[in-house]
Structure formats: C-alpha cells, structure tokens
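Student:
Protein chains: 2
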Amino acid sequence: MQAPTLYRQLAEHYLSAIRHGTLATGDRMPSVRKLMQLHEVSLSTALQMCRYLEAEGWLEARPRSGYFVRQPRRIRLAPALEPKPATVIDPAQFVGIHERVSSIIAQGQRPVKINLARATGAPDLYPHKQLRQLASSLLRQYPLLLTKAISPGGNRDLKSALAKRALDVGISTSADEVIVTNGCIEALNLALRAVAHAGDVIAVESPTFYGLLQVLESLGMKALEIPTSPSTGISLEALELAMQTYDNIKAVVVVPHLQNPLGSIMPDSHKQRLVTLCEAKNIPLIEDDSYSALANGDKIPTAAKHWDQTGNVIYCASLHKILAPGLRLGWMLGGRWQARISMFKYAQTRYNEELSQLIAATFLQSSSYDRHLRKLRTTLTQQREKMAEGIATYFPEGTRLTMPDGGVSVWVEMPPQVSSRAVFDAALRQDILVSPGLLYSNSNRFDHFLRLNCGTHYSHELEEALGVLGRIVLDLARIKKVASA
Amino acid sequence: MQAPTLYRQLAEHYLSAIRHGTLATGDRMPSVRKLMQLHEVSLSTALQMCRYLEAEGWLEARPRSGYFVRQPRRIRLAPALEPKPATVIDPAQFVGIHERVSSIIAQGQRPVKINLARATGAPDLYPHKQLRQLASSLLRQYPLLLTKAISPGGNRDLKSALAKRALDVGISTSADEVIVTNGCIEALNLALRAVAHAGDVIAVESPTFYGLLQVLESLGMKALEIPTSPSTGISLEALELAMQTYDNIKAVVVVPHLQNPLGSIMPDSHKQRLVTLCEAKNIPLIEDDSYSALANGDKIPTAAKHWDQTGNVIYCASLHKILAPGLRLGWMLGGRWQARISMFKYAQTRYNEELSQLIAATFLQSSSYDRHLRKLRTTLTQQREKMAEGIATYFPEGTRLTMPDGGVSVWVEMPPQVSSRAVFDAALRQDILVSPGLLYSNSNRFDHFLRLNCGTHYSHELEEALGVLGRIVLDLARIKKVASA
Chain Z
1 MQAPTLYRQL AEHYLSAIRH GTLATGDRMP SVRKLMQLHE VSLSTALQMC
51 RYLEAEGWLE ARPRSGYFVR QPRRIRLAPA LEPKPATVID PAQFVGIHER
101 VSSIIAQGQR PVKINLARAT GAPDLYPHKQ LRQLASSLLR QYPLLLTKAI
151 SPGGNRDLKS ALAKRALDVG ISTSADEVIV TNGCIEALNL ALRAVAHAGD
201 VIAVESPTFY GLLQVLESLG MKALEIPTSP STGISLEALE LAMQTYDNIK
251 AVVVVPHLQN PLGSIMPDSH KQRLVTLCEA KNIPLIEDDS YSALANGDKI
301 PTAAKHWDQT GNVIYCASLH KILAPGLRLG WMLGGRWQAR ISMFKYAQTR
351 YNEELSQLIA ATFLQSSSYD RHLRKLRTTL TQQREKMAEG IATYFPEGTR
401 LTMPDGGVSV WVEMPPQVSS RAVFDAALRQ DILVSPGLLY SNSNRFDHFL
451 RLNCGTHYSH ELEEALGVLG RIVLDLARIK KVASA
Chain H
1 MQAPTLYRQL AEHYLSAIRH GTLATGDRMP SVRKLMQLHE VSLSTALQMC
51 RYLEAEGWLE ARPRSGYFVR QPRRIRLAPA LEPKPATVID PAQFVGIHER
101 VSSIIAQGQR PVKINLARAT GAPDLYPHKQ LRQLASSLLR QYPLLLTKAI
151 SPGGNRDLKS ALAKRALDVG ISTSADEVIV TNGCIEALNL ALRAVAHAGD
201 VIAVESPTFY GLLQVLESLG MKALEIPTSP STGISLEALE LAMQTYDNIK
251 AVVVVPHLQN PLGSIMPDSH KQRLVTLCEA KNIPLIEDDS YSALANGDKI
301 PTAAKHWDQT GNVIYCASLH KILAPGLRLG WMLGGRWQAR ISMFKYAQTR
351 YNEELSQLIA ATFLQSSSYD RHLRKLRTTL TQQREKMAEG IATYFPEGTR
401 LTMPDGGVSV WVEMPPQVSS RAVFDAALRQ DILVSPGLLY SNSNRFDHFL
451 RLNCGTHYSH ELEEALGVLG RIVLDLARIK KVASA
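Chains Z and H, in that order, give the protein sequences. First residue of the first sequence? That's 1 in UniProt numbering, and the numbers climb one at a time after it. First residue of the second sequence? That's 1 in UniProt numbering, and the numbers climb one at a time after it.
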C-alpha cells in the first residue's frame, strides 16, 4: 500500500487538532507562508491541504484574511439511535417482500433526473477505459474466447488473483478453493442452500439489504431480524438471546463491513466473538464482505473468516461495487460446505463466462487496482461529506445520521412520523429516486429511513434535489403532526 | 430462408434414386458431360454434386471410369433398439449422480489429444471473428458498458431478438416475456423450482442429459425415467402409464428436438399429444429446446410450446450450442409461472451481464446468423456422416447406431457386455476422451453406450482415434464373452 500523500498527512494533523478542540470554531489557521515554514513543505502542498479541509467542510476561506476553522453542518445531525438488544424478535417469512421491492423497483425504472437509490458508484468512478482496453486486448490475445466451451472449474487466473487479494483481508486460501459466482447474490443463494432448507430460520441483521430478504423468501426460509447498531454492526447480545430463544436457527448472515444500509463496521473483537459464538452453537456463519475495500483508510478491514478455525464461516464477496458494476462477478469460500456448494454452483449455472473473468483477473493482478481503490475511496469520502452537508442543510430538525466510515451511501433517519414510502412517491413525482427504508426489513420498523446514494458527483442539480427532498420530508412531518394533534 | 443450392438439389435427386434402388450398388453414375446435358447445369455444378455424394459416402470415383454407386459403411450399422414402453420404471433420487459425473469430468480435465466428450462444436465452427469484432465495436459504442450498473429486467435488445427468433419455431411471444438466464441449465433450475419442491417426482427421458439429473439431485427431486425412442423421442405410452401409476409426478422435462444423447426428434403429432396429455393431467411440461436450430433441413422444428394454449409449457433454450459456446446465454418463457420464475431469477443471480447480451442481440438481428446456421448444419452433417463411417469401419460386430437428423453427436450402442466406464478408462490412457453412457441414467441401463462428439473436423488423427476406440471395444467384448463362457 502506498503511504498517504504529504498534504493528507498534514490535513490529518490539523483535523485532529480541530477534533480535540485545540483549534476551535472561528480560530484562524496558520497562514500558508507559516505552514510552509512550520512543516517544511512547498507552497503547493500547504495550499492543497487548506483546500482539502475546505472541501471537507472544516475550514472556510475569508478574502484577504486566510482560512478559519468552522464546524461542518453535518455535526448538527444527531447520530442514529442504537437499537435495544432485547427488542422483541419474531422470525418472519414475509411472503411479499419481493412484491414490495419489485413494485418499488418497477416504479423507479423510468429514467429520472437524480437517482439516489443506486447501491454502486456512478459508472465513471470505475476504471472504464482501462477495462475496455483490457477487453479488446484479451479478445485479440484469445481469438476463440467467445466460441470455445468454458473451461471446467472456472477461470484459473481470476481464482488466483482473488486468492491473493484475500490475503489483504486476513484470509489465507488457495485458487482451487475460490468459487466464482454470478455476483454475491448467487454466492448467498448457494451458501444458504448448502446449510439450510425451506422452512428453516436464518438470523439476519436488522435493517438488512432487501436482496437478502428476497433470497430467503425465494428459498422459503424465515428471516429472524437481529437488532444491529449503526456503528458496530449486529448486536451480539441480541444474537445470543435469539439463539437461546429459538433452537431452530440454521445460519447467521452478516455484512461485517459497511453493512447495507447502515454502513456500520464491526470491531475486530466483535467479529472474533461472533465467529466463536456461531461455532459454539454449531450454527454456520455466512459473511458477505462485498464492501470492505470501500472502507476509509489504507488498511482493508479483516474478514470474520480470518478467525475461522473449523470451516464454519462461508465467505462471500463480489467485485461489482468495487471494480465494475457491469461485471456480475462474485466469489466465495465454502468452508465445510465447499463440496456441496461446488455441486450446487455447477448444477445451477455452470461456470461464469471467461471474458469478464479474464478482464477482472488481469486488472486485479496489476497495481492499477490499488490505485483505483485509493482514488475511489477518496472520491466517495468527499461525496459522502457533501451529501451529509446537504442533508444537514435541507432536512428538517429531528433528522439523524451516523456518518459511515466508507461506502457508497448514507442511511438517514427522518422524524418518526414520516413514511419513506410517501417520500419515495413524492420524490419520484419530481424526478428523484430514493431507496425507502421500508425495503430493509420484513417489519415496518425502518419506514422512516432513507438510503441515499453518494456515488454520484455532487453537482448543483444534486444539491437542488436534496433541497426538494428536504421540503418533502418537512411537509410530511408537519402534516402528520397536525393529523395526530 | 435461402433455397438449397443447385448442386444440393441435384444430389437429393440422385440420393433418392439410390435409396429407392433405382441406382443400385455398383451402378455407374451418368458421366459429368451427361449430367451437364441432362440437367442443363454447368461443369462446376455437376462436379460439385459428384464430389459431395462421394464425401457423403454414396459414390466412389474410379480412375478413368467415372463415379460408381456404393453403400456407405454406416448402412451396415443396425439402428439402436426401440425401448419397451412397459419397462418397469422406478422413480429414483440418485444421490450420487453428481459424484459419478464429477469423477468422470475431473478425470477428463487434463488435456487430451482427441476430445469426443464435448457437447458443442469445435470453437472454429462458430462465428468467432464476427463476434469478436462486434464485442470491440460495442465497447466503443457504449464506453461505460462494463462499469455501469446492469439495467433492470435484462437487455432489451436481446429479448427482442429472441422473441423474433421464437417465431421460427412457432412461438409468438413478446420481448417482455423473455427471461434471459445463465445458460439453459439455469432456466431448467428456475423452471423446476417454480413447479416442484424437494421430494417431488419429475418424469424425464431415459437416457437423458446428465446435467438434468444433477439439477434434480441438487434440488432434492426424484427422476422418473421414461423409455425414449432413438427416433421419435419420449414414449407417450410409457409416460401415460407412468402418470397412471404414480400420482405424484410434478413435471415432465423433455428435449423434443435432437434429444441429448439420443438425437431423436419428436414428430409434430407426438409433441401435440404430449402437450394435451400434460394439460389434461395438470402436470407442467418443461421443454428444453437448445438444439433445434441444428436439425437438418431449412425449417427449424416447431416447438411443443407452439401447441400450448394454457401456459402449461415452460420453454427453455440457449445460444451456446448454436451461436457461441463461450457465451452463457440461455432464455425461457415461464408460461403460467412467469411471475414466480422472474422472482426466482432476480433473487438467484440478478440479470446477466450486458456485453454478451448485446453481442448476441446484434448478431441474432442480422442475416449473418442465418448464414452461420446453414453453414454449421452442413458442416455438422458431413462430420456426423464421417464419424458414422469411421464407427462402421472400426467398431466390432453388434455395434448399433441410429443416425440423428442433426446435432453435434452420435449415440453408439456397443455389444451389451462392454462397459462404457471401462472404455472411458482405456481410451483416456490413450489420450482420447469419450462420454460414457453410464452418465445418462440413474440406473446402469446405458452402460454399454457412448456419446461421441461430431463437432470436430474429421482428421486423420480423429480417424486413428476411432481405430483405437474400436480395438478397445473389441477387446472388452471378447474378454467379457470369455469370462462369461
């Protein structure tokens, strides 16, 4: 990994001073000339640092006076509430989540001006030019690639590249063990089919990615929703309680890093305890690790699978959020169920097409991939900050937001009387698409939440859209208050 | 469709005379000069016709004497025996077919000199150059194709192209109803999951494609093997009997055209009766129509789905046997189960990648596709004939073969005492890969059969390999005879 650039190191230094109160709101920053002397840096580095902190909302430039410390508006947003671990839980096979999701998705399929419902970055955040060139050059190199039968077992190059990259998250595995799938969604299907049957209960985070609820519904399994913290992920107390209450839990599914929609990241100690707990109870743990490369910082978080001694953890991940949303490439390590999962994969969809695998393999093996990830993380961080500023500016009092430490979206809690479905409908009439909270649970527990995408360049148009959204939320909050008064 | 070329029309004329005995073995053909006068054709056409019939094994050239009628050697091969409709049937959930298939496939994964186990044509039988050029030009046309999120619902162009092509097999549908899948194997999975559950009994052809048996095993369903004729496909008498005997059949799966491995083609009257029968018994019919475009003649056979009035037929097909083995593109029409299948597809693997869909769509919409298919059919016909000649030449007495009316393989019945597993092992030791009959049934009913691929250019090496195979079969037939004597 490359070290952070000089101006970023300097920025961290001053940010820390601001956070600790050494530099208070309204304080003047040292002048650029002073910064150059103090830190023995060039004019360009000093300026870059100030502009960076300005863009992040921590400094404001006053003409002819220099830079002054300010508090970003988003500081005013209260963090989301922590869930109560003892919340009453009921395993639900919500026959209808697919219909609910489909109806929302179907409505959102017409072209809109501003799409905040996406779960990926905008297409130009990914290395489209390099991937396109790779595609053409690979087709020249392997002229029969599109017309020869796909080699059994999946593409060896991609499997090697993924096994190597797995070292970054603390997993030591071999290319042979990597099963390439059609996206993480196929991996989750295979994992669940390997360890459970129709009618079985599966513990999931709450809120959770609606795609998982749809998978459970399609397999006839029941979701047991476990309270999950916006900062530290699934509540281990609640999970343990659930395991004591229900003796028929057949698997636990978690997204330890940048959970969708919360953005929470489980501390290492929690992941380790979770692995131990599941093992002790003999309940398979399915880890969905599709987002970890988008976490802030230069060290990718360690996978729960790292602490797995017995093969009780099935590791699932994908490349489309981090490398290329147009490639449906997921992958998994099957743990104790490796043979069964391999069989299911072969019987379900055979092996993936080779071209996309070769494109991905070649890119993953190069240092371009590391450069891409660093750039993507920086861009997303800036965009998340700006989105949070916009929300703090335009959304009404009572709005809550825990800033996630990475990822492509924020999870916004609106005043409790506001229904996300109503916001969705009103926003769509104004050509804005949002992802309503009611999709993220079998209950209506999160109906006053929105998941807003931060993967798009923060433009004037986007700011306007946030203004429109803010007014919609404000209006709905007032109407409801009046109605209930 | 283009009319057959002049020399082919002429060839058909003389072939008919030979078949009817008007021209007997040993008879001299009219001279080339005579042919030119008789039919008012050019020298080149007359010569082309004679050379074509020579290549097909019906004429032999004698120096300075002209062409003489001969019988191809394959005429000496007796056709495969018809099954007995009343054969005792037992629904079997063969837990282990996957293991059996995997062990065979795993052994065959090392590079071999001659691969006769393939289920597709050789890569150069497909339009690799055109597809490659399309890929590069589409990537230029849509520069963000690899990095933008896949559009919901699947690629519209491909769905339109497939709906249009469906007219050729007698199906009138709309682009909206086409569900694009990861190969026909995913389509079969989705179809079976939509109509049946673990433990249910599914009627299948016997012998049948081992992939289907693996799908059934992986879904926990039981295969009920119905006797199937090498010429007319599934026995309707046997199927009806089975429906009377077992009241828990939840679906019937058939490959009406160029059944794998038999190569049989169901007559239209049979397909119609099958559709009516299934409808009357309220049992869903799943039609796998992946090979029909490879049937001889200029008219693609009519799908069973054509006679479906009530949505009781689920139609599944794919493009990799006919257009490009490297593209994992299947598709289906869900009939009454359309909504359920769409949900399962979404929850299982989302939508397919766009690039391959666009490549296929663009090619299907052009007349290049028709030209490709005509050429592919002609090439395969010649290669099947040559393979049959080779088998007639080198395999021992008692070998049986029904020439299929199209497709990429032949199904060879060896003397009953010969085990296909033993042939497989012995052949592999000599670097030849075959597909043993024991894979095509849960029973050992077809252990003395081989499926041999005809998709490779018939070379001297290939002829030698058939010689080796013939000796292996002969040796095994003798040893077994002695042992049992």
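Note that the Cβ used here is the ideal one computed from N, Cα and C, for glycine as well. It should be emphasised that the depicted structure is a prediction, and the values quoted were computed from it without experimental measurement.
1. Of all the options H:Leu81, H:Glu12 and H:Ser264, which has the alpha carbon lying nearest to the alpha carbon of tryptophan 58 (chain H)?
2. Closer than 9 Å by beta-carbon distance: list the chain H residues that pair up with histidine 128 (chain Z), in chain order.
3. Which residues does DSSP list as the beta-bridge partners of aspartate 288 (chain Z)?
4. Less than 8 Å separating the beta-carbons of residue 492 (chain Z) and isoleucine 283 (chain Z)?
5. Apart from the five residues just before and just after glycine 121 (chain Z), which ones in its own chain have a Cβ nearer than 6 Å to its Cβ?
6. Looking at chain H, is there any beta carbon in it that lies within less than 8 Å of the beta carbon of asparagine 155 (chain Z)?
7. Among Z:Thr208, Z:Asn444, Z:Ala304 and Z:Gln71, which has the Cα closest to the Cα of glutamate 54 (chain Z)?
8. How is the beta strand (DSSP E) around glycine 326 (chain H) delimited, first residue to last?
9. Residues of chain H with CB closer than 7 Å to the CB of glutamine 365 (chain Z), please, in chain order.
10. Check distances from the C-beta atoms of the region 172-199 of chain Z to those of chain H and list, in chain order, the residues that come in under 9 Å.
11. Using the beta-carbon count (16 or more within 10 Å), is isoleucine 479 (chain H) buried or exposed?
12. What residues in its chain sit with their C-beta under 6 Å from that of serine 290 (chain H), if we drop five residues either side in the sequence?
13. Please report the Cβ distance between alanine 203 (chain H) and leucine 239 (chain H), rounded to the nearest whole angstrom; I am assuming they are in contact, meaning their Cβ atoms lie under 8 Å.
14. Is aspartate 247 (chain H) buried or exposed, if buried means 16 or more other CB atoms sit within 10 Å of its CB?
15. Apart from the five residues just before and just after arginine 336 (chain Z), which ones in its own chain have a Cβ nearer than 6 Å to its Cβ?
16. Within 8 Å of any Cβ in chain Z, is that where the Cβ of phenylalanine 344 (chain H) sits?
17. Is there a Cβ from chain H that is less than 8 Å from the Cβ of methionine 1 (chain Z)?
18. Would a check of beta-carbon distances place histidine 98 (chain Z) closer than 8 Å to chain H?
19. CB leucine 327 (chain H) to CB alanine 360 (chain H), shorter than 8 Å?
20. Could you tell me which uninterrupted alpha helix (DSSP H) segments, each at least 4 residues in length, are contained entirely in the region 325-410 of chain Z, listed from first to last along the chain?
21. What does glutamate 353 (chain Z) touch in chain H if you count any residue whose Cβ is under 8 Å from its own?
22. May I ask you to report which of helix, strand or coil DSSP gives methionine 1 (chain Z)?
23. If we count the other Cβ atoms within 10 Å of its Cβ and call it buried at 16 or more, is proline 38 (chain H) buried or exposed?
24. Just mark proline 111 (chain Z) as buried or exposed, buried being the case when its beta carbon has 16 or more other beta carbons within 10 Å.
25. Roughly how far, in whole angstroms, is the beta-carbon of alanine 473 (chain Z) from the beta-carbon of phenylalanine 395 (chain Z), given that I think they are within contact range, below 8 Å?
26. For valine 253 (chain Z), decide whether its Cβ has a neighbour in chain H, counting only Cβ atoms nearer than 8 Å.
27. Identify the residues that DSSP records as bridge partners of alanine 61 (chain Z): which are they?
28. In the DSSP assignment, find the beta strand (DSSP E) that holds arginine 451 (chain H) and state where it starts and stops.
29. So, at 8 Å on beta carbons, what are the nonlocal neighbours of leucine 145 (chain H) in its own chain, with the 5 sequence-adjacent residues on each side left out?
30. State the Cα-Cα distance for the pair valine 255 (chain Z) and alanine 304 (chain Z), rounded to the nearest angstrom.
31. Could you give the first and the last residue of the continuous alpha helix (DSSP H) run that contains threonine 276 (chain Z)?
32. Where does the unbroken beta strand (DSSP E) through alanine 203 (chain H) begin, and where does it stop?
33. Check the Cβ-Cβ distances between arginine 76 (chain H) and every residue of chain Z, and say whether any is below 8 Å.
34. Mind checking if arginine 336 (chain Z) is an interface residue toward chain H, Cβ cutoff 8 Å exclusive?
35. Using a Cβ-Cβ cut-off of 8 Å, state whether serine 420 (chain Z) counts as contacting chain H.
36. Does the Cβ of serine 459 (chain Z) have 16 or more other Cβ atoms within 10 Å, making it buried, or fewer, making it exposed?
Tutor: Taking the structure as given:
1. H:Glu12
2. Pro143, Leu144, Leu145, Leu146, Thr147 and Lys148
3. Z:Cys316
4. For residue 492 (chain Z) there is no data in the structure shown, the boundaries of chain Z being 1 and 485.
5. The residues are Val408 and Gly455.
6. no
7. Z:Gln71
8. Run containing glycine 326 (chain H): none; DSSP gives neither H nor E here.
9. Residues of chain H passing the Cβ test: none, with the nearest at roughly 17 Å.
10. Thr181, Asn182, Gly183, Ile185, Glu186, Asn189, Arg193, His197 and Ala198
11. exposed
12. Cys184, Ala317, Ser318 and Lys321
13. 6 Å
14. exposed
15. Here the set comprises Gly311.
16. yes
17. For methionine 1 (chain Z), the predicted structure reports a pLDDT of 39, less than 50, and the residue's modelled location is therefore unreliable. The matter cannot be settled from this model.
18. yes
19. If you check the CB distance, leucine 327 (chain H) and alanine 360 (chain H) come in under 8 Å.
20. 338-349, 354-364 and 368-394
21. Gly326, Leu327, Arg328, Glu353 and Ser356
22. Legend: pLDDT at methionine 1 (chain Z) = 39, less than 50; position of this residue unreliable, value from coordinates given subsequently. Looking at methionine 1 (chain Z) - three-state DSSP - the assignment turns out to be coil, as it is neither helix nor strand.
23. A small fix is needed here, since residue 38 (chain H) is leucine in this sequence, not proline. Under this definition leucine 38 (chain H) is an exposed residue.
24. exposed
25. Checking the sequence shown, residue 473 (chain Z) turns out to be valine, not alanine. Their Cβ separation, rounded to whole angstroms, is 6 Å, which keeps valine 473 (chain Z) and phenylalanine 395 (chain Z) in contact under 8 Å.
26. Chain H contact via Cβ: absent.
27. Z:Tyr67
28. 449-453
29. Closer than 8 Å at Cβ, skipping near neighbours: Leu138, Leu139, Glu354, Leu355 and Leu358.
30. Taking the straight line from one Cα to the other gives about 10 Å.
31. 268-280
32. 201-206
33. no
34. no
35. no
36. exposed
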